[in-house]
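Novice: Per the working numbering, residue -14 is the first one in the sequence shown, and the count goes up by one each step.
A virtual CB, placed ideally from N, CA and C, is assigned to each residue, including glycine.
From a predicted model like this one, the values you see are computed outputs, not experimental measurements.
One structure follows; several queries about it will come next.
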Amino acid sequence: MNVRRPKGTNDILPEDTGKWQFIEARIQKLCRRYGYQEIRTPIFEHTELFARGIGEATDIVEKEMYTFRDRGDRSLTLRPEGTACVVRAFIENGLDSSPLPVKLYYLGPMFRYERPQAGRYRQFYQFGIEAIGSMDPFLDAEMITLPIELYRACGLDGFQVQINSIGCLECRGSYRDTLLRHLEGKADQFCHNCQSRLHRNPLRILDCKNPKCRELVEEVPPITDYLCPECADHFGQVKGYLDQLGVAYEPNPKLVRGFDYYTKTVFEIIVPALGAQNAIGAGGRYDGLVEEIGGKPQPAVGFAVGVERLILALGEQSGIDYAEARPDAFVAHFGGRTKARAVEIVTGLRRTGLWAELDYLGRSLKAQMKAADRLKCKWVVIVGEEELEQNTVKIRNMATGEEQGVSLDQIGAFLTPAGEEQGT
Ligand code: HAM
């Protein structure tokens, strides 16, 4: 049997990497403008980090982590998300002594053992940002405007922002009692998953996708009615900033998110046309996480965008104008002395910044011309015996079929007329 890639993973082929590079370039530009600097953390961490950070009673920690023992018998886990990792790095490297808030971004693969389907993978990429060290509600608003700017810069339309506040531990305590009063009588009607969550993590029942569970929680009062004055004021200010910035959003009192670290603001950005896996980005505030992981208390807020989902959402509607990946020149030769000259020419062209190819398969001139055509080369530089003697080459314009003799020292100038950018 041939070895195939593991279920839920993707090969990103050269025909698609242009899209990834396009998005990555926009991410870098945007983060620079907003003052977020890149951080790169390990792909695997001690399992305890996620158990403590994300929460023992969450789906991710209970069912979705890739956890293994290394040869030193340590329990390690492939990171299922970036926030806990960034917070660990913030504490471990003493970043709290830098000017606050510390504003960081990351881009890389995450791993979750989920049931794969369109838009849901076991290895997927997230672009995320985290701002640690400020309570300012304007930062919460920034976490929503930055991804929106990214989506727009990529040419995406048709997304919706949903926001909610799940308050602090205190507000959640009193809401939990209300929730249990409403739900306990109907416990046996909930799906299996929700029944097991009822006492451990009742808030999560609110965003169960099961239609029967949705119906059962319809009458539950919104969590926003139970916010303490400070959390209510914070949420009001976040919405005020979004209004001021002209960002359209929908309050969704059932939005609670699948991580225990969130406090106050939570949000998701969805593209309804994507179907079941329609969240292209999500985030929120997590004012208790730094302390939970062992640091001095620091408020924080962040978000992450799923890059595969963004690409799916862009689909055909994308306004992306990728620079088409095609060589500038193919240097064709007849072997022997002409190959030695072709090697010199191809090396020289590459040094001037052009994308130059040469025949590595000992093919006939006809087959080389065909190969150049398939690669969509703009020019073919032909090095024949006769040209060799005269220190010239023949250059064929592949679009028009015109051929012209050019002396060796003029090839670079001929292929990149003054004012034209070198390379594609
Ligand atoms: P999350 O909602 O789990 O949040 O993931 C953020 C985004 O990653 C989702 O909206 C989705 O686009 C993408 N995503 C999640 N799971 C998958 C999957 N299995 N396959 C493909 N894409 C997926 C977090 O991870 C939080 N750390 C976000 C955050 C940062 N909160 C504060 N700071």
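#1: Does the Cβ-Cβ distance between Lys239 and Leu168 come in under 8 Å?
#2: Taking only three categories from DSSP, how would you classify His219?
#3: Once DSSP output is grouped into helix, strand and coil, what is the label at Gly291?
#4: With DSSP collapsed to three states, give me the class of Ile278.
#5: Cα-Cα, which of Tyr91, Asp121, Thr52, Val146 is closest to Asn237?
#6: In the DSSP output, which residue or residues are listed as bridge partners for Ile254?
#7: Are the segment 90 to 109 and the segment 47 to 56 touching, with three or more C-beta to C-beta distances below 8 Å?
#8: When the Cα atoms are used, what is the spatial distance from Asp(-4) to Gly280?
#9: With 16 as the cutoff for other CB atoms within 10 Å, does Tyr136 come out buried or exposed?
#10: Buried or exposed: which applies to Tyr271, given that a residue is buried once 16 or more other Cβ atoms fall within 10 Å of its Cβ?
#11: Going straight from the alpha carbon of Gly408 to that of Gln389, what length do you get?
#12: Distance check for Asp1 and Glu412, CA to CA, integer angstroms please.
#13: By Cβ distance, which residues of its chain are closer than 6 Å to Gly(-7), with the 5 residues on each side in sequence left out?
#14: Could you work out which residue in Ile255, Asp313, Val368, Met128 is closest to Tyr226 when comparing CA atoms only?
#15: Within its chain, find whatever has a CB closer than 7 Å to the CB of Phe252; leave out the 5 residues flanking it on each side and keep chain order.
#16: Using a threshold of 7 Å, is the CB atom of Glu370 nearer than that to any non-hydrogen atom of the ligand HAM?
#17: State the Cα-Cα distance for the pair Thr401 and Trp340, rounded to the nearest angstrom.
#18: By the 10 Å Cβ neighbour count, where 16 or more other Cβ atoms means buried, how is Leu417 classified, buried or exposed?
#19: Tell me whether Phe399 sits in a helix, a strand or coil according to DSSP, three-state version.
#20: Are the segment 344 to 352 and the segment 383 to 399 touching by the rule of at least three beta carbon pairs closer than 8 Å?
#21: So, under 8 Å CB-CB, Ala126 and Leu230 are touching, yes? Tell me the CB distance rounded to an integer number of Å.
#22: May I ask which residues mark the beginning and end of the beta strand (DSSP E) holding Trp340?
#23: Around the Cβ of Gln111, are there at least 16 other Cβ atoms within 10 angstroms (buried) or fewer (exposed)?
#24: Roughly how many whole angstroms lie between the Cα atoms of Pro207 and Val241?
#25: Are there any heavy atoms of the ligand HAM lying less than 7 Å away from the beta-carbon of Thr68, as far as the coordinates show?
#26: Alpha carbon to alpha carbon, how far is Asn186 from Ala42? Give it in angstroms, no decimals.
#27: How big is the Cα-Cα spacing for Leu63 and Cys213?
#28: Rounding to the nearest angstrom, what Cα-Cα distance links Gly404 and Thr385 in this structure?
#29: Is the CB-CB distance between Pro122 and Val223 below 8 Å?
#30: How would you write the range of the beta strand (DSSP E) that Glu457 sits in, first residue to last?
#31: I need the boundaries of the alpha helix (DSSP H) containing Pro122, first residue and last residue.
#32: Are the beta-carbon atoms of Phe288 and Thr250 separated by less than 8 Å?
#33: Using only the heavy atoms of the ligand ZN, determine whether one of them is closer than 7 Å to the beta carbon of Glu200.
#34: Only counting the same chain, and skipping five residues up and downstream in sequence, which positions put a Cβ closer than 8 Å to that of Gly67?
#35: Just to confirm, are Arg161 and Gly243 a CB contact at a threshold of 8 Å?
#36: Report the start-end ranges of each alpha helix (DSSP H) in the segment -8 to 29 that is 4 residues or longer and not cut off at the edges.
Specialist: The short version:
#1: no
#2: helix
#3: Here Gly291 sits in strand by DSSP.
#4: coil
#5: Nearest option by C-alpha distance: Val146.
#6: Beta-bridge pairing links Ile254 to Val146, Gly266.
#7: yes
#8: Per the coordinates, the alpha-carbon of Asp(-4) lies some 38 Å from the alpha-carbon of Gly280.
#9: buried
#10: buried
#11: Because the pLDDT of Gly408 is 44, which lies under 50, any placement of that residue in the model is unreliable, and the question is left without a value.
#12: Nothing about residue 412 can be read from this structure; the chain reaches only from -14 to 409.
#13: Pro101, Tyr106, Arg107
#14: Met128
#15: Ile129, Val146, Gln147, Ile148, Ala267, Gly268, Gly269
#16: Checking the Cβ of Glu370 against the ligand HAM gives no.
#17: 12 Å
#18: Not covered by the structure: residue 417. The range shown for the chain is -14 to 409.
#19: helix
#20: Taking 8 Å as the limit for Cβ pairs, the verdict is that the segment 383 to 399 does not touch the segment 344 to 352.
#21: Rounded, the Cβ-Cβ distance is 7 Å, consistent with contact.
#22: Note, Trp340: premise wrong, no beta strand (DSSP E); not H, not E.
#23: Flag for Gln111 reads buried.
#24: Rounded to the nearest whole angstrom, the C-alpha separation of Pro207 and Val241 is 11 Å.
#25: Taking 7 Å as the cut-off, the C-beta of Thr68 counts as close to a heavy atom of the ligand HAM.
#26: 7 Å
#27: Approximately 37 Å, taken between the alpha carbons.
#28: Only weak support exists for where Gly404 lies, its pLDDT of 49 falling under 50; the value from the coordinates is given anyway. Roughly 21 Å separates the two Cα atoms.
#29: yes
#30: Here the chain covers residues -14 to 409 and nothing more, so residue 457 does not appear.
#31: 122 to 138
#32: no
#33: This structure does not include the ligand ZN; its bound ligands are the ligand HAM.
#34: Once the five neighbours on either side are set aside, the close Cβ partners of Gly67 are Thr26, Tyr91, Gly93, Met95, Gln111, Gly113, Glu115, Ala289.
#35: no
#36: -1 to 19, all fully within the segment -8 to 29.
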